[in-house]
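J.: Protein chains in written order, with UniProt numbering: chain Z, 1 to 204; chain R, 1 to 204.
Protein chains: 2
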Amino acid sequence: MLPGGSTSVTTSMYSDGMSTSDRLIESTRELLWERGYVGTSPKAILERAGAGQGSMYHHFKGKPDLALAAIRRTAEELRASAEGALGGPGTPYERIEAYLRRERDVLRGCPIGRLTMDPDVVASDELRAPVDETIDWIRERIAGIVEEGKEQGQFAATLDGEEIAATVLATVQGGYVLARASGSPAAFDTGVRGLLSLLAPHSS
Amino acid sequence: MLPGGSTSVTTSMYSDGMSTSDRLIESTRELLWERGYVGTSPKAILERAGAGQGSMYHHFKGKPDLALAAIRRTAEELRASAEGALGGPGTPYERIEAYLRRERDVLRGCPIGRLTMDPDVVASDELRAPVDETIDWIRERIAGIVEEGKEQGQFAATLDGEEIAATVLATVQGGYVLARASGSPAAFDTGVRGLLSLLAPHSS
């Protein structure tokens, strides 16, 4: 967990070789995750990046433009890490289980999902696009795996791939809400176990 | 949906008979729902309430104290509306279905769940308490209904009430995330249908 408050020595957070532009993107990614778009000021971004006033406008058109670069980078990483679990070995059930159980910093929440609670992100088609596309991509990926499992007789033929995929994603996103409400990751795991018990192939 | 911007004529939003204290609480509830705690300034609260400077400190100790009153009132309403569905007529499955399908302003999200994405709410034991207690209360209520359904043979004996309850709540909370990401309530409904298809009593 990154410290929320002090930022005076934050230049050291990033390697010396990192460009100012990259430092700005990285500090924006962290602040968006911790405080959201509404709660992230250009001043806080500059302080954490150890960048001087004016450097944001030198590299980016402004806060929305920098935020878009940050959201896109986070979205790419999230997609890659989801694919790591969903594209791994195992049966369709096992791959969905791997996705649900993959290591997460549960109490920090989802860096993409949390943006949907941000009024300024949701109100901007441009900022919302990478959020929507990422969630949509993961959902389609899971829907395909559910259909595969149906063909193999692992999942009941009555299940709908799109619907189950939405339930899987919702359980993850809502699991963060339960965990953060209770201040403990346990609630996330409990919800995941419940979903897995409902999804588990029935021995027939 | 309330207008996000103009607040000059907002006094008319509340009935003339409402006390200043109540107007402050109601305007805080709306702003917390729309913009979160971090995004809600005392100035915006006063403007929307049509209340003068200083009235917040006359009635409340400050923004956290007023926010606590607002969150408590929202929590009570949420609990009552959940109980309206969960305590209604029907089988355990039907009562859970009624809860999942109850009318919601999906694109506004959950006024309690969204607070968990607020760093200042999560960091404050006092502000987080009503959020945690409300979610916990609904989860226990659903867990009891699942156990009832198991006794009646409607749900498989292998299911765990606490786990399924967490999955149900997570699907709702995560459903809001999917809906707001896509800009359409449909994604919420899709996730709910997926969960209901998994929960549906199997004809045996």
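Even for Gly, the Cβ is constructed at its ideal location relative to N, Cα and C. On a predicted model such as this, the values are computed, not experimentally measured, just so you know.
How many angstroms separate the CA atom of residue 74 of chain R from the CA atom of residue 131 of chain R?
T.: Approximately 10 Å, taken between the alpha carbons.
J.: Ends of the alpha helix (DSSP H) at residue 106 of chain Z?
T.: Unbroken run through residue 106 of chain Z: none, as it is neither H nor E.
J.: Let me know the alpha helix (DSSP H) ranges lying completely inside the segment 136-189 of chain Z, each 4 residues or longer, listed in chain order.
T.: For the segment 136-189 of chain Z, whole alpha helix (DSSP H) runs of length 4 or above, ordered along the chain, are 161-182.
J.: Which of helix, strand or coil does DSSP assign to residue 40 of chain R?
T.: Reduced to three states, the DSSP call for residue 40 of chain R is coil.
J.: Would you mind giving the Cβ-Cβ distance between residue 169 of chain Z and residue 135 of chain Z, rounded to the nearest angstrom? I have them listed as a contact below 8 Å.
T.: The Cβ separation is near 7 Å, so the contact holds.
J.: Residue 14 of chain R: beta carbon under 6 Å from a heavy atom of the ligand FMN?
T.: Judged by which ligands are present, the structure shown has none, so any question about the ligand FMN falls away.
J.: Any C-beta of chain R sitting closer than 7 Å to the C-beta of residue 173 of chain Z?
T.: Yes, residue 173 of chain Z lies at the interface with chain R (some Cβ there is under 7 Å from its Cβ).
J.: For residue 26 of chain R, I'd like the list of residues in its chain whose CB is within less than 7 Å of its CB, leaving aside the five on either flank, ordered along the chain.
T.: Hits under 7 Å: 14.
J.: Cβ atoms of residue 190 of chain Z and residue 174 of chain R: under 7 Å apart, would you say?
T.: No, they are not a contact pair.
J.: Which chain R residues are close to residue 135 of chain Z, counting only those with a beta carbon under 7 Å from its beta carbon?
T.: Within 7 Å Cβ-Cβ: 178, 181.
J.: Which residues bound the alpha helix (DSSP H) around residue 20 of chain Z?
T.: Residues 20-35.
J.: Which residues of the segment 109-122 of chain Z have a Cβ closer than 7 Å to any Cβ of chain R? Give them in chain order.
T.: Listed in sequence order: 109, 113, 114, 116, 117, 119, 122.
J.: Keeping to the same chain, check which residues put their C-beta closer than 6 Å to that of residue 194 of chain Z; ignore five residues upstream and five downstream.
T.: Once the five neighbours on either side are set aside, residue 194 of chain Z has no close Cβ partner at all.
J.: Please state if the CB of residue 98 of chain Z and the CB of residue 139 of chain Z are separated by a distance shorter than 7 Å.
T.: Against a cut-off of 7 Å, the Cβ pair of residue 98 of chain Z and residue 139 of chain Z comes out as no contact.
J.: Could you name the residues of the same chain whose beta carbon sits closer than 6 Å to that of residue 8 of chain Z, not counting the 5 residues immediately before and after it, in chain order?
T.: Per-residue confidence for residue 8 of chain Z stands at a pLDDT of 40, beneath the threshold of 50, marking its modelled position as unreliable; no derived number is given.
J.: Could you check how far apart the C-beta atoms of residue 36 of chain R and residue 38 of chain Z are, in whole angstroms? I think they sit under 8 Å.
T.: With 8 Å as the limit, residue 36 of chain R and residue 38 of chain Z qualify as a contact, their Cβ atoms being about 7 Å apart.
J.: On a Cα-Cα basis, can you pick out the residue from R:67, R:18, R:28, R:45 that is closest to residue 124 of chain R?
T.: Residue R:67 is the option with its Cα nearest to residue 124 of chain R.
J.: If you drop the 5 nearest sequence neighbours on each side, which residues of the same chain put their C-beta closer than 7 Å to that of residue 107 of chain Z?
T.: So the qualifying residues of the chain are 179, 180, 185.
J.: Please report how far the alpha carbon of residue 64 of chain R lies from the alpha carbon of residue 151 of chain Z, in whole angstroms.
T.: Each residue's alpha carbon lies about 54 Å from the other.
J.: Residues of the segment 55-84 of chain R in Cβ contact with chain Z at a cutoff of 8 Å, in chain order, please.
T.: Against chain Z - using a Cβ distance shorter than 8 Å - the segment 55-84 of chain R contributes no residues.
J.: State the DSSP-derived secondary structure class of residue 16 of chain R, mapped to helix, strand or coil.
T.: If DSSP states are grouped into helix, strand and coil, residue 16 of chain R belongs with coil.
J.: Please name the residue in R:120, R:149, R:129 whose C-alpha comes closest to that of residue 72 of chain R.
T.: For residue 72 of chain R, the nearest C-alpha among the options comes from R:129.
J.: Verify whether the separation of the beta carbon atoms of residue 44 of chain R and residue 23 of chain R is less than 7 Å.
T.: Against a cut-off of 7 Å, the Cβ pair of residue 23 of chain R and residue 44 of chain R comes out as no contact.
J.: Would you mind telling me which residues of chain R sit closer than 7 Å to residue 193 of chain Z, beta carbon to beta carbon, in chain order?
T.: Result: 163.
J.: If I measure Cβ to Cβ from residue 120 of chain Z and keep anything under 6 Å in the same chain, skipping five residues before and after, which residues do I get?
T.: Taken in chain order, the residues that qualify are 37, 38.
J.: Using a threshold of 7 Å, state whether the C-beta atoms of residue 86 of chain Z and residue 79 of chain Z are closer than that.
T.: Contact: no.
J.: With a 10 Å radius around its C-beta and 16 neighbouring C-beta atoms as the bar for buried, classify residue 89 of chain Z as buried or exposed.
T.: Exposed, since its Cβ has fewer than 16 Cβ neighbours within 10 Å.
J.: Would you grab the beta carbon distance between residue 198 of chain R and residue 198 of chain Z for me? Rounded to a whole angstrom, and I think it's under 8 Å.
T.: About 4 Å separates the two Cβ atoms, so the contact holds.
J.: Going along chain R, which residues have a C-beta under 8 Å from residue 131 of chain Z?
T.: The contacting residues are 181.
J.: Inspect the beta-carbon positions of residue 143 of chain Z and residue 162 of chain Z and report whether they are closer than 7 Å.
T.: Yes.
J.: Is the Cβ of residue 41 of chain Z closer than 7 Å to any Cβ of chain R?
T.: It does not; no Cβ of chain R falls within 7 Å.
J.: Residue 110 of chain R to residue 29 of chain Z, Cα distance in whole Å?
T.: Cα to Cα, the separation comes out at about 25 Å.
J.: Could you check if residue 118 of chain R is buried or exposed, using at least 16 other CB atoms within 10 Å of its CB as the buried criterion?
T.: Classification of residue 118 of chain R: buried, given that the 10 Å Cβ count is 16 or more.
J.: With H, G and I counted as helix, E and B as strand and the rest as coil, what does DSSP make of residue 96 of chain Z?
T.: The answer is helix: DSSP assigns residue 96 of chain Z an H, G or I state.
J.: Leaving out five residues on either side along the sequence, give the residues of the same chain with a beta carbon under 8 Å from the beta carbon of residue 155 of chain R.
T.: 92, 93, 146, 149, 164, 199, 201.
J.: List the residues of chain R whose Cβ lies closer than 8 Å to the Cβ of residue 128 of chain Z, in chain order.
T.: What residue 128 of chain Z touches in chain R: 181, 183.
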